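Novice: Residue numbers (my numbering), protein chains in the order written: chain A, 9 to 317; chain B, 3 to 237. Just so you know, even glycine gets a beta-carbon here, dropped at the ideal spot from N, CA and C. Since the model is a prediction, treat every value here as computed from it, not as a measurement.
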Ligand SMILES: Nc1ncnc2c1ncn2[C@@H]1O[C@H](COP(=O)(O)OP(=O)(O)O)[C@@H](O)[C@H]1O
Ligand SMILES: [Mg+2]
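1) Where does the unbroken beta strand (DSSP E) through residue 20(B) begin, and where does it stop?
2) Using the three-state DSSP reduction, which class does residue 215(B) fall into: helix, strand or coil?
3) I need the DSSP call for residue 47(B), collapsed to helix, strand or coil.
4) Please compile the residues from chain B whose C-beta is within a distance smaller than 9 Å of the C-beta of residue 269(A).
5) Could you tell me whether any non-hydrogen atom of ligand 1 is closer than 6 Å to the CB of residue 122(B)?
6) Pick from 97(B), 183(B), 196(B): whose alpha carbon is nearest that of residue 127(B)?
7) Taking just the CA atoms, how far does residue 135(B) sit from residue 200(A)?
8) Go through its chain and collect everything with a Cβ distance to residue 240(A)'s Cβ below 6 Å, but skip five positions before and after it.
9) In whole angstroms, what is the alpha-carbon distance linking residue 178(B) and residue 184(B)?
10) Which partner residues of residue 150(A) appear in the DSSP bridge assignment?
11) Counting along the chain, where does the alpha helix (DSSP H) carrying residue 193(B) start and finish?
12) Mind checking whether residue 329(A) and residue 198(A) have CB atoms under 7 Å apart?
13) Using DSSP with H/G/I as helix, E/B as strand and the rest coil, what is residue 136(A)?
14) Tell me the rounded alpha-carbon separation between residue 181(A) and residue 159(B).
15) Between residue 293(A) and residue 46(A), which are expected to be in contact by the criterion C-beta below 8 Å, what is the C-beta distance as a whole number of angstroms?
16) Over the uninterrupted alpha helix (DSSP H) stretch that includes residue 223(B), give me the two end residues.
17) Residues in its own chain within less than 7 Å of residue 142(A) by CB, not counting five upstream and five downstream?
18) Excluding the five sequence neighbours on either side, which residues of its own chain have a C-beta within less than 7 Å of the C-beta of residue 46(B), listed in chain order?
19) With a threshold of 16 other CB atoms inside 10 Å of the CB of residue 12(A), please say whether the residue is buried or exposed.
20) Would you tell me roughly how many angstroms separate the C-alpha atoms of residue 61(B) and residue 67(B), rounded to the nearest one?
21) Compute the beta-carbon to beta-carbon distance between residue 42(A) and residue 288(A), rounded to the nearest angstrom, for a pair I have assumed lies under 8 Å.
22) What do you get for residue 224(B), buried or exposed, if any count of 16 or more other CB atoms within 10 angstroms of its CB means buried?
23) Are the CB atoms of residue 89(A) and residue 228(A) nearer to each other than 7 Å?
24) How would you label residue 255(A), buried or exposed, when you count the other beta carbons within 10 angstroms and need 16 or more for buried?
25) Return the CA-CA distance between residue 44(A) and residue 298(A), expressed in angstroms with no decimal places.
26) Could you check if residue 72(B) belongs to the surroundings of ligand 3, using beta carbon to heavy atom distance under 6 Å?
27) Below 6 Å CB to CB, which residues in the same chain sit around residue 75(A) once its five sequence neighbours on both sides are set aside?
28) Looking at chain A, which residues of the region 50 to 66 of chain B have a Cβ within less than 9 Å of any of its Cβ atoms?
29) Of all the residues that make up the region 183 to 197 of chain A, which are near chain B by a beta-carbon distance shorter than 8 Å?
30) Quickly, what does DSSP pair residue 162(B) with across the bridge? List them, please.
31) Report the option in 232(A), 309(A), 296(A) whose CA atom is closest to the CA atom of residue 72(A).
32) For residue 33(A), is the classification buried or exposed, using 16 other Cβ atoms within 10 angstroms of its Cβ as the cut-off for buried?
33) Output needed for residue 125(A): all residues of its chain with C-beta closer than 6 Å, excluding positions within five of it in sequence on either side, in chain order.
34) Determine the chain A residues that contact residue 154(B) at a beta-carbon separation under 8 Å, and present them in chain order.
35) Pick helix, strand or coil for residue 87(B), following the three-state DSSP scheme.
36) Residue 5(A) bridges to which residues according to DSSP?
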């Protein structure tokens, strides 16, 4: 289900803005870095949320699709000398095809099989993908160096990287694109309807299987898009995408299922939070522990509150 | 128009419809009466492809539909008002209505016209058109599903216990509205436990018990039958 922005969400935005201003004065680097990282988290989390919201499947292979996109970009670069920015279209399309194929071969057959089978099958897919990558490309880390990805600028005496602002741009573009798709197109309205009630959707003439196929393909394509822009800044190895599965799930859980705008906000909050923890002397390495601790608290409070209702 | 022949339906190993045959002619309103658990909903779900038949044949205007998917059957002109409504709770009344027509090619072009017709049947839906479907009362939701079904300009309307859970005054109103829909030349299959009210709408009816057709007849035959008088009409 996809819900509209609530009062609570505005409160959250207000808190986030205040925190951002405070942090901006205290540690401007953390703020900028946090917004950049957080936007990236959001781009990756949005498609996971879409698959979870519409198909009801938690895709544990999410991060492995990201890895596939990274290697595809790397191969285009190292073999054919294609600049990552030019890989955007081919890699996004490739991942759409991979998504559709994986859906038709596996996910499609477990949609009615219950959550446990679904989790197992997506976990299996994640293992298959990472082992395949290992056997083809070994575990040796790879990289793609471009000069523009390390460009930086100085503003009001603060020096920061500019490339990663692309993440914010892409996050906003993907979010706005998805919202327009859901509200303004026939297929998008069908998707929205299927997310609320698949049986009701089929009764009004919506081809529910096609919507599932499309949503899965589109989501994996978005993952591909994200991977292309990460490549110039990350080291590429078989497990490179793996941590993003849990981060994405965490953001989806924090935002509340179906709240796409909330994912961008939660992503930025997570990004800033990580940057702040890392800026504290001796803090690096603790951000995941603290973050998942906070997440457990958030989910538990929500569960308790909903249980009371 | 619709012909069901020797239908068997099972949930896993438990068979709930046994060798059932029935038919609905053009311009007919046909009732299927029976107690809770008789298999009325299962029969309807088999017709619209929500559950798959184990064996038997279902044809609509001569075309076999028992292997078609629900959305194809809907586009072919059979639309159902399910017992448990199946609305889109996070969408407004008007959005729900529009979705009823949006994916049926011949209905889409006439959407604005049909919505006025639905509003004339259910003025409350026009009053509430901006309200979220999930926040409406049970009775209003029931009206909304019927409205949504009509939006698809069906050749045949299947209603699964439309009076279920309505307060008595609304039940009477509901059957008056069904009579109006009937007068606008709709072919209807009506499943009901409320035989007394159902008899006011139908042309002909079946009685279903334990997954089988126990009796078939005209309004007169049904209302004069001893078993039906005792078991369903309380006389
Ligand atoms: N999804 C299901 N799974 C298993 N058994 C079911 C299911 N739905 C209905 N049944 C069983 O099938 C029989 C017929 O139910 P149903 O078609 O709902 O009857 P009615 O609509 O006449 O009340 C009942 O015994 C019911 O318990
Ligand atoms: Mg029933």
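Specialist: Concretely, from the data shown:
1) What you label residue 20(B) is simply residue 18 of the second chain in a count that begins at 1. For residue 20(B), the uninterrupted beta strand (DSSP E) segment begins and ends at 16 to 26.
2) Position 213 of the second chain, counted from the first residue, corresponds to residue 215(B). Annotated three-state conformation of residue 215(B) is strand, per DSSP.
3) Position 45 of the second chain, counting from 1, holds the residue named residue 47(B). The DSSP-derived three-state label of residue 47(B) is helix.
4) In the first chain, counting from the first residue as 1, residue 269(A) sits at position 261. Residues of chain B whose Cβ lies closer than 9 Å to the Cβ of residue 269(A) do not exist, since the nearest Cβ in that chain is about 15 Å away.
5) Working through the second chain from its first residue, we reach residue 122(B) at position 120. Answer for residue 122(B): no, Cβ out of range of ligand 1.
6) Within the second chain, numbered from 1, the residue matching residue 127(B) stands at position 125. Nearest C-alpha to residue 127(B): 97(B).
7) Locating residue 200(A) in the first chain gives position 192, where the first residue counts as 1. Locating residue 135(B) in the second chain gives position 133, where the first residue counts as 1. Cα to Cα, residue 200(A) sits roughly 14 Å from residue 135(B).
8) Here the question's residue 240(A) lines up with position 232 in the first chain. Within the same chain, residue 240(A) has close Cβ partners 92, 152, 154, 157.
9) Position 176 of the second chain, counted from the start, is the residue given in the question as residue 178(B). Position 182 of the second chain, counted from the start, is the residue given in the question as residue 184(B). Going by the C-alpha atoms only, they are around 10 Å apart.
10) What you label residue 150(A) is simply residue 142 of the first chain in a count that begins at 1. Per DSSP, 244(A).
11) Position 191 of the second chain, counting from 1, holds the residue named residue 193(B). First-last for residue 193(B): 189 to 194, but that is the beta strand (DSSP E), not the alpha helix (DSSP H).
12) Residue 329(A) is absent from the model: chain A starts at 9 and stops at 317.
13) The residue you call residue 136(A) lines up with position 128 of the first chain. In the displayed model, residue 136(A) falls within a helix according to three-state DSSP.
14) Position 173 of the first chain holds residue 181(A). Position 157 of the second chain holds residue 159(B). In this structure, the alpha-carbon of residue 181(A) lies about 43 Å from that of residue 159(B).
15) In the first chain, counting from the first residue as 1, residue 293(A) sits at position 285. In the first chain, counting from the first residue as 1, residue 46(A) sits at position 38. About 19 Å separates the two Cβ atoms, so there is no contact after all.
16) Here the question's residue 223(B) lines up with position 221 in the second chain. Note, residue 223(B): alpha helix (DSSP H), 221 to 226.
17) Residue numbering aside, residue 142(A) sits at position 134 when the first chain is read from its first letter. Around residue 142(A): 246.
18) Position 44 of the second chain, counted from the first residue, corresponds to residue 46(B). Answer for residue 46(B): 82, 160, 162, 193, listed in chain order.
19) Walking along the first chain from the start, residue 12(A) turns up at place 4. Legend: pLDDT at residue 12(A) = 49, less than 50; position of this residue unreliable, no value from coordinates given.
20) Numbered from its first residue, the second chain carries residue 61(B) at position 59. Numbered from its first residue, the second chain carries residue 67(B) at position 65. Spanning the two alpha carbons is a distance of roughly 6 Å.
21) As a working mapping, residue 42(A) is identified with position 34 in the first chain. As a working mapping, residue 288(A) is identified with position 280 in the first chain. Residue 42(A) to residue 288(A), Cβ: 13 Å. No contact.
22) Along the second chain, one-based indexing puts residue 224(B) at 222. By the 10 Å Cβ count, residue 224(B) comes out buried.
23) Residue numbering aside, residue 89(A) sits at position 81 when the first chain is read from its first letter. Residue numbering aside, residue 228(A) sits at position 220 when the first chain is read from its first letter. Not in contact: residue 89(A) and residue 228(A) (Cβ atoms no closer than 7 Å).
24) Stepping through the first chain from its first residue, residue 255(A) is reached at position 247. Flag for residue 255(A) reads buried.
25) Numbered from its first residue, the first chain carries residue 44(A) at position 36. Numbered from its first residue, the first chain carries residue 298(A) at position 290. In this structure, the CA atom of residue 44(A) is about 20 Å from the CA atom of residue 298(A).
26) In terms of ligand content, the structure shown lacks ligand 3 and carries ligand 1 and ligand 2 instead.
27) Stepping through the first chain from its first residue, residue 75(A) is reached at position 67. Around residue 75(A): 248, 249.
28) Residues passing the 9 Å Cβ filter: 50, 51, 52.
29) Residues passing the 8 Å Cβ filter: 194, 197.
30) Start at 1 with the first residue of the second chain, and residue 162(B) comes out as number 160. Residue 162(B) is bridged to 193(B).
31) As a first step, residue 72(A) must be located in the first chain, where it is residue number 64. Looking only at 232(A), 309(A), 296(A), the smallest Cα-Cα distance to residue 72(A) is reached by 232(A).
32) Position 25 of the first chain holds residue 33(A). Exposure of residue 33(A) is indicated by the presence of fewer than 16 other C-beta atoms within 10 angstroms of its C-beta.
33) Here the question's residue 125(A) lines up with position 117 in the first chain. 118.
34) The sequence position of residue 154(B) within the second chain is 152, counting from 1. Near residue 154(B) (Cβ distances below 8 Å), the residues of chain A are 212, 213.
35) By 1-based counting over the second chain, the position of residue 87(B) is 85. Residue state, collapsed to three classes: coil.
36) Any property of residue 5(A) remains undetermined from this structure, which presents chain A solely from 9 to 317.
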